[in-house]
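What follows is a short report on a single structure.
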Amino acid sequence: DSPAAGGATRSIRHTTVEPEDDVTQFTEYRRLKATMRQMQLTGCPNPFFTVHDGIVGDTTLIDGETYISFASYNYLGLSGHPEVSAAARDAITRYGTSVSASRLVSGEKPIHGELERKIADWIGVDAAITMVGGHATNETTIGHLVGPEDLIVHDALSHNSIVQGALLSGAKRRPFPHNDYEALDRMLTALRPQYRRTLVVIEGVYSMDGDFADLPKFVEVKKRHRCMLMVDEAHSFGTMGRTGRGIAEHFDVDARQVDIWMGTLSKSGSSCGGFIAGSQPLVELLRYTAPGFVFSVGMPPAQVAASIASLEVLQREPQRVERLRRNSRLFLTLCQTAGLDTGDSGGTPVVPVITGNSLVALRLSNRLKKDAINVQPILYPAVDESAARLRFFITSEHTEEQIRFTVDRTQHHLQELQEASPATLAETG
Ligand code: PMP
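Residue 511 in the working numbering sits at position 181 of the sequence shown, and the numbers go up by one each step.
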């Protein structure tokens, strides 16, 4: 027992005492090193922290060599677009590289409000607020809007930032089976009456599987149980719907039916940062009270200006969204025809090729690299071992030739790897 602040006595139980100043003794560190040793044994180079030079679009530059790129979410090719880069440069000239304060205090610039107005109008809601990171936006918003008296029910495949926000909030947290609005409905029937507020969180497009939520059904369920519905549009903003307005446009749902729209500016927004869009009172509450906004610096001028310019190009050139959709569908159809397992991917710019084995995924990405194709393997423990995969991010800038070549090589190598014995897999490096 140890006396806690305020004189109360709190019981703290340690299972094992770790030397506090030696990170190498942390269980987590040992586990990390064991995973890295296993990866080394495969003979494949470490697939993480690859250094990319230049602008990553349909191709990327690694160690002076050009690769077809499927590992970055520059979906609309707007990062590196001359107009977007020029806007960022102009903003630096005018406002500097940092706003040097929380916006609440003295960091507010005219372009902050301009970007937020544009986002709210584009989505079709009253107001929006931007923050410096997408992950931080989810964490602070979810962590702040609900508390220990409340319930958060989120999709079982929710992004880490949603889970972290839920943990931070102290609310009761219950995942529902992926995309299963009927299971959600049943859970809410049982649980909703026990809690003050209930927040349901889903994503527009799921970042590992490339499938998406049936938004009208979720809206129906949330209305029946009188809950708040939050939709993370990280991968659907700029990619879904005829003109890229997102999942609401895809389903022709009035955006005001959703209480909280969340999005990131790091993908189609070709910058970085996150936003929340919704009703005026929601945004007002966050502007004055969300810790990750109030106690954090405002988005830097270059990032704000780049996102404004990206939105302008997107609105002027909806053909980018159409090209992206055509490329995504072509990639998916070719994979399916080749007998590759793409899970539930639904013609979105995220297409997994599931190998069901981390070693095979690692070696497949390594072989593709030798064909000048760069794609990231997603390995256990990031996903279950049976769900190990390559994840392809498609962009509007890929050519049909690049797509056909990539699917062809993927099918060829995967077949060879699956026919090889596990021993051969480990030896051939
Ligand atoms: N939500 C989802 C669904 C994501 O996939 C990500 C990251 N890609 C984030 C939030 C966090 O966004 P950011 O990387 O811009 O911080």
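Ideal placement from N, C-alpha and C gives every residue a C-beta, glycine not left out.
Let me check you understand the geometry: is the CB of residue i closer than 6 Å to at least one non-hydrogen atom of the ligand PMP?
i: H508; result: no
i: D539; result: no
i: D562; result: yes
i: S491; result: yes
i: T678; result: no
i: G464; result: yes
i: S596; result: yes
i: E731; result: no
i: E469; result: no
i: E533; result: yes
Give the range of the beta strand (DSSP E) segment to which residue i is assigned.
i: G473; result: Segment G464 to L475 is the alpha helix (DSSP H) holding G473; no beta strand (DSSP E) there.
i: E395; result: E395 to S399
i: Q706; result: Q706 to I708
i: K502; result: K502 to F506
i: F623; result: Not the beta strand (DSSP E): F623 falls in the alpha helix (DSSP H), residues P621 to V624.
i: V483; result: L481 to D485
i: E533; result: T528 to E533
i: L694; result: Looking at the DSSP string, L694 is not in any beta strand (DSSP E); the run it does join, the alpha helix (DSSP H), is S688 to K700.
i: A607; result: G604 to G608
i: A564; result: Run containing A564: none; DSSP gives neither H nor E here.
i: V683; result: V680 to I684
i: G593; result: I590 to T594
i: T460; result: A457 to M461
Please work out which residues of its chain come closer than 6 Å, Cβ to Cβ, to residue i, disregarding the five sequence neighbours upstream and downstream, and give them in chain order.
i: E479; result: R526
i: S601; result: L595, Q633, A636 and S637
i: G759; result: Reliability of the predicted coordinates at G759 is poor, the pLDDT of 40 falling under 50, and no value is obtained from them.
i: T528; result: L481, R522 and C557
i: L518; result: H555
i: H465; result: S491
i: V551; result: Y511, L514 and D515
i: A578; result: A585
i: S609; result: D456
i: L391; result: D383 and G384
Kindly indicate the opening and closing residues of the alpha helix (DSSP H) around residue i.
i: E446; result: P440 to I453
i: K547; result: L545 to H555
i: Q355; result: Looking at the DSSP string, Q355 is not in any alpha helix (DSSP H), and its letter there is neither H nor E.
i: I733; result: E730 to E749
i: D420; result: P412 to Y425
i: M517; result: Y511 to L521
i: R656; result: Q649 to T667
i: F722; result: Where F722 is concerned, there is no enclosing alpha helix (DSSP H), although the beta strand (DSSP E) it sits in stretches over R719 to F723.
i: G495; result: N490 to S499
i: A639; result: P631 to R646
i: I577; result: I577 to F581
Let's test the definition: count the other Cβ atoms within 10 Å of the Cβ of residue i and tell me whether it reaches 16, buried, or not, exposed.
i: V347; result: exposed
i: T423; result: exposed
i: T740; result: buried
i: V376; result: Val is not the amino acid found at residue 376; the sequence shown has Asn there. Counting Cβ neighbours within 10 Å, N376 comes out exposed, since fewer than 16 surround it.
i: P711; result: exposed
i: D674; result: exposed
i: R572; result: exposed
i: M366; result: exposed
i: Y359; result: exposed
i: T354; result: exposed
i: P682; result: buried
i: R361; result: exposed
i: Y416; result: It is worth fixing the name first, because residue 416 is Ala in this sequence and not Tyr. So A416 counts as exposed.
i: A338; result: With a pLDDT of only 45 at A338, under 50, the local geometry of the prediction cannot be trusted, and the value read off the model is given with reservation. Its Cβ having fewer than 16 others within 10 Å, A338 is exposed.
i: D352; result: exposed
i: G763; result: It is not possible to answer for residue 763, since the shown part of the chain is limited to 331 through 759.
i: E727; result: buried
Go through its chain and collect everything with a Cβ distance to residue i's Cβ below 8 Å, but skip five positions before and after it.
i: E350; result: none
i: V690; result: A718, L744, L747, Q748 and L755
i: H742; result: none
For chain B, find out if any of its Cβ atoms is closer than 7 Å to the Cβ of residue i; answer yes or no.
i: V462; result: The structure shown contains no chain B, having only a single protein chain.
Take residue i and list the residues in its own chain whose beta-carbon comes closer than 7 Å to its own, dropping the five residues that flank it on each side.
i: Q666; result: T672
i: S537; result: H489, A564, H565 and V680
i: A501; result: V476, G477, P478, D480, L481 and I482
i: R659; result: G677
i: H580; result: M570 and G571
i: I532; result: D485, A543, F548 and V561
i: L698; result: V705, R739, T740 and H743
i: G576; result: I453, G534, E563, S566, F567 and M570
Touching by the beta-carbon criterion (3+ pairs, under 8 Å), the region 406 to 418 and the region 740 to 751: no
Contact the region 579 to 593 vs the region 617 to 628: 3+ CB pairs below 8 Å: no
Stretch pair the region 720 to 733 + the region 392 to 403: three plus CB contacts closer than 8 Å: yes
The region 425 to 435 contacting the region 640 to 649, beta-carbon criterion three pairs below 8 Å: no
At least 3 beta-carbon pairs within less than 8 Å: the region 452 to 472 vs the region 624 to 633: In the pairwise beta carbon analysis, the region 452 to 472 is classified as touching the region 624 to 633: at least three pairs are separated by under 8 Å.
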